[in-house]
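Heads up: the protein sequence lines correspond to chains H and E, in order. First residue of the first sequence: 1, per the UniProt record's numbering; consecutive thereafter. First residue of the second sequence: 1, per the UniProt record's numbering; consecutive thereafter. In this text, a Cβ means the ideal position worked out from N, Cα and C, and glycines have one as well. Since we're looking at a predicted model, the values are computed, not measured.
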Amino acid sequence: MNTIIQNILVFVAIAFAFIFLIRKFIWKKSKSKKVCGGDDGCGCH
Amino acid sequence: MSKQINVALIGNPNTGKTSVFNALTGLNQQVGNYPGITVEKKEGVCKLSRGIKAHIIDLPGTYSLNASSLDENVVIELLLNKNDKDFPDIAVVVSDVENLKRNLLLFTQIKDLEIPTLLVINMADRMRYKGISLDIDYLEAELQTKIALISTRKKEGIDNLKNLIANYKELSVTPCINPSDIDKEYFDNLQKAFPNQLLYKLWLVITQDVNFGKTDRKEIEAVANFKTKSKADLKRLQQKETIKRYQFINNALKHGQTIDASQAKDLRSKLDRILTHRIWGYFIFFVILLTIFQAIYDWSSVPMDFIDSAFASLSEWTKIQLPQGAFTDLLAEGIIPGLGGIVIFIPQIAFLFLFISVLEESGYMSRVVFLMDRIMRRFGLSGKSVVPLISGTACAIPAIMATRNIESWKERLITILVTPFTTCSARLPVYLIIISLIIPEGRFLGLGYQALTLMLLYFIGFGIAVLSAYILNKVLKIRSKTFFVVEMPNYKLPMFKNVAITVLEKTKSFVFGAGKIILAISIILWFLASYGPGDNFNNAESIINTEYASQQLSEDEINQHIASYKLEHSYIGIAGHAIEPAIRPLGYDWKIGIAIVSSFAAREVFVGTLATIYSVGSDDEATIKNRMAAEVNPILGGPLFNFASGISLLLFYAFAMQCMSTLAIVKRETNSWKWPTLQLFIMSGFAYVVALIAYQLLK
């Protein structure tokens, strides 16, 4: 029983870690298009 | 029910605006970004009288509402957009008692937008040193506002300021200047064309070539079409406006302010002569740097040793106290050592930021910028490039964002490209652990070898950044104009509260920002190091038992062989062996290879990764440093982290582009993948070659 619970906890931790890293570096929330350097002619460079 | 009002804190740079913000909000503040752009947004809450709560926004420092950089755009965007949720109920303009005339230009512009505007005159404690006296009642009448004379340093006048903010409805919104006085015909026509609009707002919209992301675009375009004058004429009108404003300010100050130079007790000029001297200036800066690096080492060693052994004990304790199983192993061998690898560097990072913050607060950093401008120019950089290069010692990301105030695109691009060479705080953990392993603890003229090595690495980073800038300046064919203006603030004793908040904020963001990534990577690494495919991994115990059956080994030794065999045949071991041929010429084994690959996400992950890899299967209580020191080179024998491989690693980390977040910000700032891709390949390729040469020469 203890082994099963420990294994479940490990896989939950790994899943959380994996999802966190994916969200952090690969799949990011889309941001407003009004960004410096975009096509809105903000004139920053 | 309590009422909340929006308070915009606005002012010229170096007026002590942030000190006022800290005095009003204390620790009730948070730092974020403005939506869609990467200009820092500081907000906080302050309780006023009669149950009123003030939501205070510390806007970026600006000299006027004629914006020339993105930071300044943020101010003008907010003040022009009544629909913005942060549109201020009251604008609090912070000025410095010694530069009142210049500071009042911004005040008159904001007041003309008919926003209730309160004038704060800060640094009142300096009045007697400068022989300044003010007739506040007269100034209030002339400027048609209320004035809060305060000293954030002496904590004087803050309660009065809070009362004045709470009574913001009593403030007059009468403009200082009538735009028709600038050019009657033009402004009367403009008002006729848009009768329901505020004239000064219309004028700002017409003259500002900025990104009004949040304002009503249609409304602005309609106004922008009303261009009855050429650009040159508009510029001339702007100049007339500025002259009118200064006439108004001069009138107010003529009787409202008296400066008796004979009463001034000024040390500033004397100090400036020494600190910006063409020889002594550099010598003093060098001595200050030496002191800083020595102090970082000397003062941090006790808390660092304590943290290191505390995490080792915690890991051991967890293993003993919790029921045996995979999750206990994950905690003891993955999470705790991984976190220990970051927490251990808190003392050194806190001390580094303490010194940087003290130098900034005291006004010395501006002298350094001025001093270094003489050198920077020769390498195609702006004097303003020094700020990103110095802030790059904290983190390249805000440093790259800080290039936005460099007007010349070529200088800005070069600064963006070379800033990642400066030694950021993420490199510090890597440097510190490797230096402690390969450089002896002895001293030379009272200075530790280890501290000198660390300082040398900072110089190498800075030197390569400047050298690369020189090459890029020759290679890049971009034409642009360049000029350099820097304000020299007065020297002042650093305020403890400001220094403490900076140290706390920077350390917190380092620990939590990097800590979350390190925790996640530690978990994944532990999994990859604790599980593996195929029979070799699954039957490790029987294979080792058979192999060593003839030898008389203790149970501990057998267990160590099993752990080592399992690690070698785990997922991470297989990946490490696959890349080993590429890194072996640099003096690294597959474990270091894994740490290099995993630290591509963020450099500081390197130590955490090694801590996790070396912890897997290890039963004894040992610190990270001891485990690394005990590693043996599998091919040559002897310590894996010896002088040659250590120097090679230090140089690799000094030059390699090991930071995904920096690449992302470079892409964003240059609006192109070309520059971050070039940065990645050139920096990492250069790092590989230098590390290879260093190892081959020193081995």
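- Below 8 Å, enough C-beta pairs join the region 401-420 of chain E and the region 382-389 of chain E to call them touching: three or more.
- Spatial neighbours of Asn-6/E in its own chain (CB-CB distance under 6 Å, excluding positions within 5 residues in sequence) are listed in chain order as His-55, Asp-86, Pro-88 and Asp-89.
- If you check the CB distance, Lys-111/E and Cys-176/E come in under 8 Å.
- In the three-state scheme derived from DSSP, where H, G and I count as helix and E and B as strand, Ser-151/E is classed as strand.
- DSSP places Ile-52/E in the uninterrupted beta strand (DSSP E) bounded by 52-58.
- By the Cβ test, the region 151-160 of chain E is not in contact with the region 198-205 of chain E, since fewer than three Cβ pairs between them sit closer than 8 Å.
- Residues of chain H whose Cβ lies closer than 9 Å to the Cβ of Phe-510/E do not exist, since the nearest Cβ in that chain is about 16 Å away.
- Contact check for Asp-135/E against His-255/E passes: the beta carbons are separated by less than 8 Å.
- Using a 10 angstroms sphere on the CB of Arg-443/E, the tally of other CB atoms stays under 16, which defines it as exposed.
- Within chain H, no residue has its beta carbon less than 9 Å from that of Gly-341/E; the closest one is some 16 Å off.
- When the beta-carbon positions are compared, Ala-396/E and Thr-662/E come within less than 8 Å of each other.
- The Cβ-Cβ distance between Leu-519/E and Ile-307/E does not fall below 8 Å.
- Taken through DSSP and simplified to helix, strand or coil, Asn-6/E comes out as strand.
- At a cut-off of 8 Å between beta-carbon atoms, Ile-397/E makes no contact with chain H.
- Remark: C-beta atoms of Lys-591/E and Gly-576/E approach each other more closely than 8 Å.
- Taking the Cα of Thr-25/E as reference, the smallest distance to any Cα among Leu-161/E, Gly-61/E, Thr-145/E and Gln-238/E is reached at Leu-161/E.
- With respect to the C-alpha of Leu-651/E, the residue from Phe-686/E, Gly-534/E, Leu-204/E and Cys-659/E having the closest C-alpha is Phe-686/E.
- No Cβ of chain H is located within less than 8 Å of the beta carbon of Ala-426/E.
- Bounds of the alpha helix (DSSP H) holding Ala-595/E are 590-598.
- Here Ser-391/E is buried: its Cβ has 16 or more other Cβ atoms, across all protein chains shown, within 10 Å.
- Ile-132/E is bridged by DSSP to Ile-259/E.
- Any Cβ of chain H closer than 8 Å to the Cβ of Thr-258/E would place that residue at the interface, and such an atom is absent.
- Every alpha helix (DSSP H) of 4 residues or more that sits fully in the region 340-428 of chain E is shown, in chain order, as 346-362, 364-378, 386-391, 396-401 and 409-418.
- Linking Leu-289/E to Leu-445/E through their CA atoms gives a straight-line distance of about 16 Å.
- Ranked by Cα distance from Leu-452/E, the options Thr-507/E, Leu-586/E, Met-488/E and Phe-293/E are led by Phe-293/E.
- In this structure, DSSP gives Phe-16/H a helical state, which the three-state scheme calls helix.
- The secondary-structure analysis by DSSP pairs Phe-444/E across a beta bridge with Leu-447/E.
- Any Cβ of chain H closer than 8 Å to the Cβ of Leu-314/E would place that residue at the interface, and such an atom is absent.
- DSSP lists Lys-53/E as the beta-bridge partner residues of Lys-47/E.
- Distance from the CA of Arg-126/E to the CA of Glu-98/E, rounded to the nearest whole angstrom, comes to 8 Å.
- Inter-residue distance for Arg-584/E and Ile-635/E is about 10 Å (C-alpha atoms, whole angstroms).
- Between Gln-6/H and Gly-325/E, the C-beta gap is smaller than 8 Å, which places the two residues in contact.
- Judged by DSSP secondary structure, Ile-121/E falls within the beta strand (DSSP E) whose first and last residues are 117-122.
- The residue from Tyr-548/E, Leu-649/E and Asp-589/E with its alpha-carbon nearest to that of Gly-637/E is Asp-589/E.
- Between Met-660/E and Phe-600/E, the C-beta gap is smaller than 8 Å, which places the two residues in contact.
- Secondary structure note for Ser-95/E: its beta strand (DSSP E) is the uninterrupted segment 90-96.
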